[in-house]
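**Q** Residue numbers (the working numbering), protein chains in the order written: chain U, 1 to 411; chain D, 412 to 822. Ideal Cβ positions, reconstructed from N, Cα and C, are used throughout, including at glycine. Because the structure is a prediction, the values reported are computed rather than measured. This is the structure I want to talk about, given as structure tokens.
2 protein chains.
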Amino acid sequence: METSIIDIPGGVTAPAGFRASGIHSGLRKNKLRRDLALIVADCRCAAAGMFTTNKVFAAPVGVSRSHLADGYAQAIICNSGNANACTADGYEKADLTCRVLAQHLGIKKEDVVVASTGVIGLPLPVETIINSIPELAGQLACGVMASHAAANAIMTTDTKPKEFACEFTLGGVKARIGAICKGSGMIEPNMATMLGFITTDAAIEPHALRAALQSVVFDTFNMVSIDGDTSTNDMVVILASGKAGNKPIAAPEGEDYEAFRAALLKICISMAKAIASDGEGATKLLECTVRNYYNKEGAKKLAKSVIKSSLVKTAMFGADANWGRLMCALGYAGVEFDPSKVDLKFKSKVGEISVCRNGCAIEVDEELAKEILSCDYIYIDVDCKCGDASATAWGCDLSYEYVRINGDYRS
Amino acid sequence: METSIIDIPGGVTAPAGFRASGIHSGLRKNKLRRDLALIVADCRCAAAGMFTTNKVFAAPVGVSRSHLADGYAQAIICNSGNANACTADGYEKADLTCRVLAQHLGIKKEDVVVASTGVIGLPLPVETIINSIPELAGQLACGVMASHAAANAIMTTDTKPKEFACEFTLGGVKARIGAICKGSGMIEPNMATMLGFITTDAAIEPHALRAALQSVVFDTFNMVSIDGDTSTNDMVVILASGKAGNKPIAAPEGEDYEAFRAALLKICISMAKAIASDGEGATKLLECTVRNYYNKEGAKKLAKSVIKSSLVKTAMFGADANWGRLMCALGYAGVEFDPSKVDLKFKSKVGEISVCRNGCAIEVDEELAKEILSCDYIYIDVDCKCGDASATAWGCDLSYEYVRINGDYRS
Numbered sequence: 001m002e003t004s005i006i007d008i009p010g011g012v013t014a015p016a017g018f019r020a021s022g023i024h025s026g027l028r029k030n031k032l033r034r035d036l037a038l039i040v041a042d043c044r045c046a047a048a049g050m051f052t053t054n055k056v057f058a059a060p061v062g063v064s065r066s067h068l069a070d071g072y073a074q075a076i077i078c079n080s081g082n083a084n085a086c087t088a089d090g091y092e093k094a095d096l097t098c099r100v101l102a103q104h105l106g107i108k109k110e111d112v113v114v115a116s117t118g119v120i121g122l123p124l125p126v127e128t129i130i131n132s133i134p135e136l137a138g139q140l141a142c143g144v145m146a147s148h149a150a151a152n153a154i155m156t157t158d159t160k161p162k163e164f165a166c167e168f169t170l171g172g173v174k175a176r177i178g179a180i181c182k183g184s185g186m187i188e189p190n191m192a193t194m195l196g197f198i199t200t201d202a203a204i205e206p207h208a209l210r211a212a213l214q215s216v217v218f219d220t221f222n223m224v225s226i227d228g229d230t231s232t233n234d235m236v237v238i239l240a241s242g243k244a245g246n247k248p249i250a251a252p253e254g255e256d257y258e259a260f261r262a263a264l265l266k267i268c269i270s271m272a273k274a275i276a277s278d279g280e281g282a283t284k285l286l287e288c289t290v291r292n293y294y295n296k297e298g299a300k301k302l303a304k305s306v307i308k309s310s311l312v313k314t315a316m317f318g319a320d321a322n323w324g325r326l327m328c329a330l331g332y333a334g335v336e337f338d339p340s341k342v343d344l345k346f347k348s349k350v351g352e353i354s355v356c357r358n359g360c361a362i363e364v365d366e367e368l369a370k371e372i373l374s375c376d377y378i379y380i381d382v383d384c385k386c387g388d389a390s391a392t393a394w395g396c397d398l399s400y401e402y403v404r405i406n407g408d409y410r411s
Numbered sequence: 412m413e414t415s416i417i418d419i420p421g422g423v424t425a426p427a428g429f430r431a432s433g434i435h436s437g438l439r440k441n442k443l444r445r446d447l448a449l450i451v452a453d454c455r456c457a458a459a460g461m462f463t464t465n466k467v468f469a470a471p472v473g474v475s476r477s478h479l480a481d482g483y484a485q486a487i488i489c490n491s492g493n494a495n496a497c498t499a500d501g502y503e504k505a506d507l508t509c510r511v512l513a514q515h516l517g518i519k520k521e522d523v524v525v526a527s528t529g530v531i532g533l534p535l536p537v538e539t540i541i542n543s544i545p546e547l548a549g550q551l552a553c554g555v556m557a558s559h560a561a562a563n564a565i566m567t568t569d570t571k572p573k574e575f576a577c578e579f580t581l582g583g584v585k586a587r588i589g590a591i592c593k594g595s596g597m598i599e600p601n602m603a604t605m606l607g608f609i610t611t612d613a614a615i616e617p618h619a620l621r622a623a624l625q626s627v628v629f630d631t632f633n634m635v636s637i638d639g640d641t642s643t644n645d646m647v648v649i650l651a652s653g654k655a656g657n658k659p660i661a662a663p664e665g666e667d668y669e670a671f672r673a674a675l676l677k678i679c680i681s682m683a684k685a686i687a688s689d690g691e692g693a694t695k696l697l698e699c700t701v702r703n704y705y706n707k708e709g710a711k712k713l714a715k716s717v718i719k720s721s722l723v724k725t726a727m728f729g730a731d732a733n734w735g736r737l738m739c740a741l742g743y744a745g746v747e748f749d750p751s752k753v754d755l756k757f758k759s760k761v762g763e764i765s766v767c768r769n770g771c772a773i774e775v776d777e778e779l780a781k782e783i784l785s786c787d788y789i790y791i792d793v794d795c796k797c798g799d800a801s802a803t804a805w806g807c808d809l810s811y812e813y814v815r816i817n818g819d820y821r822s
């Protein structure tokens, strides 16, 4: 039986037991922009996180990883405007932020997750954060506007806030998952950072929660590429309050676990697509599905190689059905396949067109191809015809605007 | 004793025993642009080649690889304007080209190397090539103009022909190495292809020649990245005529081998830099040296990760000393290092500036940094302070022009 998963409003405050807020603390110069977000659960939550694999990781990544080691947390605080990375006193400041917030909320320091996004290498004005904690906590609330304030406060060059929530059935009761995230961007040209904060009222044990998050992140966030630069600050964290009242999911298996994982997957796919389509300078969302490959890992590598190729990205920006670039990107993905079996198609809401069959050129209606590729959501379909595994990756085109955003001098 | 290596004119015809030509055959529409090049040796030469690692490789790559398997060749024919890749009859056409040329020159088909660069997936108009062979062979000549014609004929979106030659001493006699190459480009937006054709009059056995080429290519061509897209058509080939009269180099060791290898390295570094600085849309040549790392392989990965980063490339385009992006790129290079030991410097002809010491920010004179980074040749110096190995990689900035060249619709 397929569980139905319904989109609902409310973002991170949609699940029972969570409040959120987002304020302007003064980290940003522009007083109209929020720069500090808080998500707090009414109770200590099962929690899990996944972090950047970059060897140069920001102080808050190190602090949050250690705070989540026991599988529990209760609050997430995140600032934008400063990455707190490559700074000599970054750990002390991230730790201080957790300590002051914990004291204010009456919880343990180790139950606070801290995150930052912004310029690397600038000292974090931690006093600004500390001094704003009373106001930030004072504004904690349930409801659409509270999640919205938090989603806004973590934005950098994102052009829109990203919030998602869904409702699904878990062991006969209604449960919810909510999320906010940000993609690539900065107020001053700097690192792209991907942050995702997820809440749920499902009751689930930490190790099952971690298993679900991990398996879902591999198929969603890890299949997004804007520019190939893995940030120093990436972080995805989930808190589970248990307020839905379902029989707790004790292990990463069984019907309830699968229902939870399916809902989490849906939310994370939505976040991945929102991040890709709002990539720096993006005019188009690209979705590449590699089908009928020997195994899933290889299919993922092929799909990601296509999505990352600068030549594919610029061709999509120019609405050019230059499929030779797709073949080339498949060819250097580092996995075995038979180019002479590959079929390639482009699709969008106005139609679809085959451009390559069995690895060779076929006659293409260039007018139709141009029409299809002029849409803002392009599907690239790669059929390897050698197995039954498939994978999907998301990205965006490479435009003049990407160069402008990242080439402009910091000022 | 350091052998002196002197730059000389003449390109591929500088070494004794080689003639070259380049003509307009009709593959390109523009009659003012040459599109077919030929390099012929007076005798059968020791020969070696290195080819793209892309699983989707063009027909001429497959044909040339098999023709070079015995370690000998006498002629190289190369067309621009069509890649002869992803075409059903590509092999037959590449083979036919070799057969007709060999017949005309009175040599064996297996001693012909064939190369192509241009649009992928379009049928090769092989008759145009075949019909032009008499004229192409008729124009074979020694001297600067002949090499220049060949260097021009292999260009695609390259903005200038690339030719190099040097003279050095080998076992008491003068020997020469000459070369032409092309970088990323196209007449119709398509694959970047890197082609390098090298001649030498040094006497050297095929297996020693191959060893020298391989070791040098790993440190030069393989350390260049324009946009991360490994072409279907990349090829570097060297022919050694033996006309210098040196005692033949029989093995990849000893003083003569090292003298030859040093001269070949110099030529290949010149080609690598010329290709990087003429990368599509490039306004600046970037040279990143990673020093004092544990081992050379790791240093190479770190240097290449910096050179490939879109965020580093756009920062350099904008003359922005945004060193956090360098740290980030080092961090995801996939090798171990201690970020808290890293020192970073930018250099150019107007001066140098330290921007990061022991992994942390230091005070930077932003005016001076901007002046340094506004030059057209930028050195990025990374000191890992953990060993004594070093490596250098070359690339270019990422500009609006790159997007324009590759985003424009093929027409």
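Looking at the unbroken alpha helix (DSSP H) that takes in D:Ala622, where does it start and where does it end?
**A** Here residue 622 of chain D corresponds to residue number 211 of the second sequence, with the count starting at 1. It spans Pro617 to Asp630 - the alpha helix (DSSP H) in which D:Ala622 sits, taken as one unbroken run.
**Q** Can you list, in chain order, the residues of the stretch 83-102 of chain U whose Cβ is nearer than 8 Å to any Cβ on chain D?
**A** Ala83, Ala85, Cys86, Thr87 and Ala88
**Q** How about D:Asn817: is its C-beta nearer than 7 Å to some C-beta of chain U?
**A** Walking along the second sequence from the start, residue 817 of chain D turns up at place 406. Yes, its Cβ sits closer than 7 Å to a Cβ of chain U.
**Q** Shorter than 7 Å from the beta carbon of U:Lys55 to some beta carbon of chain D?
**A** As a first step, residue 55 of chain U is located in the first sequence; it is residue number 55 there, counting from the start. At least one chain D Cβ lies under 7 Å of U:Lys55.
**Q** Exposed or buried, what is U:Val216 when buried is set at 16 or more other beta-carbons lying within 10 Å of its beta-carbon?
**A** Position 216 of the first sequence, counted from the first residue, corresponds to residue 216 of chain U. Looking at its Cβ environment, which holds 16 or more other Cβ atoms inside 10 Å, U:Val216 is buried.
**Q** Out of curiosity, what's the CA-to-CA distance linking U:Thr169 and U:Lys266?
**A** Position 169 of the first sequence, counted from the start, is the residue given in the question as residue 169 of chain U. Position 266 of the first sequence, counted from the start, is the residue given in the question as residue 266 of chain U. Their Cα atoms are separated by approximately 14 Å.
**Q** Quick check: the Cα distance between U:Leu239 and U:Val113, rounded to an integer number of angstroms?
**A** As a working mapping, residue 239 of chain U is identified with position 239 in the first sequence. As a working mapping, residue 113 of chain U is identified with position 113 in the first sequence. Near 10 Å, if we compare the C-alpha coordinates of U:Val113 and U:Leu239.
**Q** Output the distance between the C-alpha atoms of U:Ser225 and U:Gly183, rounded to the nearest integer angstrom.
**A** Position 225 of the first sequence, counting from 1, holds the residue named residue 225 of chain U. Position 183 of the first sequence, counting from 1, holds the residue named residue 183 of chain U. Answer to the nearest angstrom: the Cα atoms are 10 Å apart.
**Q** So what does DSSP say about U:Asp95, is it helix, strand or coil?
**A** By one-based count along the first sequence, residue 95 of chain U stands at place 95. DSSP places U:Asp95 in helix when its eight states are reduced to three.
**Q** Buried or exposed: where does U:Gln103 fall if 16 or more other Cβ atoms within 10 Å of its Cβ makes it buried?
**A** Working through the first sequence from its first residue, we reach residue 103 of chain U at position 103. Exposed: under 16 other Cβ atoms inside 10 Å.
**Q** Thinking just about the alpha-carbon of each residue, which of D:Cys807, D:Glu538 and D:Gly428 is nearest to the one in D:Gly589?
**A** As a working mapping, residue 589 of chain D is identified with position 178 in the second sequence. For D:Gly589, the nearest C-alpha among the options comes from D:Gly428.
**Q** Quick check on the DSSP output: what are the complete alpha helix (DSSP H) runs of length 4 or more inside the stretch 729-755 of chain D, in order along the chain?
**A** 735-742
**Q** Consider the Cβ of U:Phe317: report whether some Cβ of chain D lies at a distance smaller than 7 Å.
**A** If you number the first sequence from 1, residue 317 of chain U lands on position 317. So yes, U:Phe317 belongs to the interface.
**Q** In the DSSP assignment, the beta strand (DSSP E) including D:Asn703 goes from what residue to what residue?
**A** As a working note, residue 703 of chain D is residue 292 in the second sequence. Under the DSSP assignment, D:Asn703 falls in the beta strand (DSSP E) whose first and last residues are Leu696 to Tyr704.
**Q** Quick one: Cα of D:Ile686 to Cα of D:Ile487, how far?
**A** Numbered from 1 along the second sequence, position 275 holds the residue referred to as residue 686 of chain D. Numbered from 1 along the second sequence, position 76 holds the residue referred to as residue 487 of chain D. Their Cα atoms are separated by approximately 20 Å.
**Q** Could you name the residues of chain D that U:Thr314 contacts, counting a contact when the two beta carbons are closer than 7 Å?
**A** For the purposes of this step, residue 314 of chain U is identified with residue 314 of the first sequence, where counting begins at 1. Going along chain D in sequence order, the residues near U:Thr314 (Cβ under 7 Å) are Val814, Asn817 and Gly818.
**Q** In chain D, which residues lie less than 9 Å from U:Pro60 when you measure between Cβ atoms?
**A** The sequence position of residue 60 of chain U within the first sequence is 60, counting from 1. Ordered by position in chain D, no residue passes the 9 Å Cβ test against U:Pro60, which lies about 15 Å from the chain.
**Q** Hey, D:Val723 and D:Leu713: beta-carbon distance below 7 Å or not?
**A** As a first step, residue 723 of chain D must be located in the second sequence, where it is residue number 312. As a first step, residue 713 of chain D must be located in the second sequence, where it is residue number 302. In this structure, D:Leu713 does not lie closer than 7 Å to D:Val723 by Cβ.
**Q** Can you name, in chain order, every residue of its own chain whose Cβ lies under 6 Å from the Cβ of U:Ala315, other than the five neighbours on each side?
**A** Along the first sequence, one-based indexing puts residue 315 of chain U at 315. Excluding residues within five positions, the ones whose Cβ falls inside 6 Å are Asn322 and Arg325.
**Q** State the Cα-Cα distance for the pair U:Cys98 and U:Gly71, rounded to the nearest angstrom.
**A** Residue mapping note: residue 98 of chain U aligns to position 98 of the first sequence, counting from 1. Residue mapping note: residue 71 of chain U aligns to position 71 of the first sequence, counting from 1. Their Cα atoms are separated by approximately 17 Å.
**Q** Using a 10 Å radius around the Cβ and a threshold of 16 neighbouring Cβ atoms, would you call U:Cys396 buried or exposed?
**A** Working through the first sequence from its first residue, we reach residue 396 of chain U at position 396. Buried, by the Cβ-count rule.
**Q** Between the stretch 370-383 of chain U and the stretch 413-426 of chain D, do three or more beta carbon pairs fall short of 8 Å?
**A** no
**Q** Which residues, in chain order, does the stretch 778-808 of chain D contribute to contact with chain U at a C-beta distance below 9 Å?
**A** Lys781 and Asp808
**Q** Pick from U:Glu110, U:Tyr332, U:Arg28 and U:Glu363: whose alpha carbon is nearest that of U:Thr128?
**A** Against the first sequence, residue 128 of chain U aligns to sequence position 128. If we check each option's Cα against that of U:Thr128, U:Arg28 comes out closest.
**Q** If we define contact as Cβ-Cβ less than 7 Å, is D:Ala693 a contact residue for chain U?
**A** Reading the second sequence from its first residue, position 282 is the one you call residue 693 of chain D. No, because no Cβ of chain U sits closer than 7 Å to the Cβ of D:Ala693.
**Q** Any idea what DSSP makes of U:Gln103, helix, strand or coil?
**A** Looking up residue 103 of chain U in the first sequence gives position 103. Of the three classes helix, strand and coil, the one that applies to U:Gln103 here is helix, per DSSP.
**Q** So, is the C-beta of U:Met327 closer than 7 Å to a C-beta in chain D?
**A** For the purposes of this step, residue 327 of chain U is identified with residue 327 of the first sequence, where counting begins at 1. Contact with chain D is found for U:Met327, since one of that chain's Cβ atoms lies less than 7 Å from the residue's Cβ.
**Q** Sort U:Ser310, U:Tyr400 and U:Met271 by Cα distance to U:Gly281 and report the nearest one.
**A** Residue mapping note: residue 281 of chain U aligns to position 281 of the first sequence, counting from 1. Out of U:Ser310, U:Tyr400 and U:Met271, U:Tyr400 has the C-alpha closest to the C-alpha of U:Gly281.
**Q** For D:Arg445, which beta-bridge partners are listed by DSSP?
**A** Locating residue 445 of chain D in the second sequence gives position 34, where the first residue counts as 1. D:Arg445 pairs with nothing; no bridge assigned.
**Q** If distances are taken between C-alpha atoms only, which option among D:Ser785, D:Ala730, D:Ser558 and D:Glu666 comes closest to D:Val761?
**A** In the second sequence, counting from the first residue as 1, residue 761 of chain D sits at position 350. Closest option to D:Val761, Cα to Cα, is D:Ser785.
**Q** Which of the three DSSP states, helix, strand or coil, is assigned to U:Met223?
**A** In the first sequence, counting from the first residue as 1, residue 223 of chain U sits at position 223. Looking at U:Met223 - three-state DSSP - the assignment turns out to be helix.
**Q** Using only the alpha-carbon positions, how far apart do D:Lys719 and D:Cys699 sit?
**A** Position 308 of the second sequence, counting from 1, holds the residue named residue 719 of chain D. Position 288 of the second sequence, counting from 1, holds the residue named residue 699 of chain D. Cα to Cα, D:Lys719 sits roughly 11 Å from D:Cys699.
**Q** If you reduce the DSSP assignment to three classes, tell me which class D:Gly770 lands in.
**A** In the second sequence, residue 770 of chain D corresponds to position 359, counting from 1. Assignment of D:Gly770 by DSSP, reduced to helix, strand and coil, places it in the coil class.
**Q** If contacts are defined as beta-carbon pairs under 8 Å, then D:Ala458 and D:Ile615 qualify, I think. What distance do you get, rounded to the angstrom?
**A** Position 47 of the second sequence, counted from the first residue, corresponds to residue 458 of chain D. Position 204 of the second sequence, counted from the first residue, corresponds to residue 615 of chain D. With a Cβ gap of about 10 Å, D:Ala458 and D:Ile615 do not count as contacting.
**Q** Assign U:Val350 to one of three DSSP states: helix, strand, or coil.
**A** Position 350 of the first sequence holds residue 350 of chain U. Here U:Val350 sits in coil by DSSP.
**Q** Just the chain D side, please: which residues come within less than 9 Å of U:Ser80 by C-beta, in chain order?
**A** Locating residue 80 of chain U in the first sequence gives position 80, where the first residue counts as 1. The premise fails here: U:Ser80 is roughly 15 Å from chain D at the closest Cβ pair, so nothing lies under 9 Å.
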